[in-house]
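Student: All residue numbers for the sequence shown refer to the numbering used here, where the first residue is 5 and numbers rise by one.
Ideal Cβ placement from N, Cα and C applies to all residues, glycine included.
Please read these numbers as outputs of a predicted model, since none were measured by experiment.
Starting off with a structure, shown below.
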Amino acid sequence: MDPRQEQAGLAWQLGIWNRIAEIYWREIDQRFAPVVEAVLARARLTAGGRVLDLGTGTGAVAARAAALVGA
Numbered sequence: 005m006d007p008r009q010e011q012a013g014l015a016w017q018l019g020i021w022n023r024i025a026e027i028y029w030r031e032i033d034q035r036f037a038p039v040v041e042a043v044l045a046r047a048r049l050t051a052g053g054r055v056l057d058l059g060t061g062t063g064a065v066a067a068r069a070a071a072l073v074g075a
């Protein structure tokens, strides 16, 4: 592949992912906020505890869990 074509393809892909991430953060995280709160309540996180968030997505769940354990 021509290096210019490769760079153009990478730039296109970066643009797509950046737009999708913004939409996801703005719309999906808000829509799932009640679910996140229910899951975290069920986890019974306490100050000083440890949390491992796999497949963190935008990081909204990890950030909320970290706040609950005092990280």
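1. Helix, strand or coil for Leu56? Go by DSSP, reduced to three states.
2. How about Thr60 and Asp33: do their beta carbons lie closer than 8 Å?
3. Flag this pair as yes or no: are the beta carbons of Arg8 and Val40 separated by less than 8 Å?
4. For Ala75, name the three-state secondary structure that DSSP assigns.
5. Are the beta-carbon atoms of Gln74 and Ala37 separated by less than 8 Å?
Tutor: Reading off the structure:
1. coil
2. no
3. no
4. coil
5. According to the sequence provided, residue 74 is Gly. The question's Gln does not apply to it. No, Cβ-Cβ distance for Gly74 and Ala37 is not below 8 Å.
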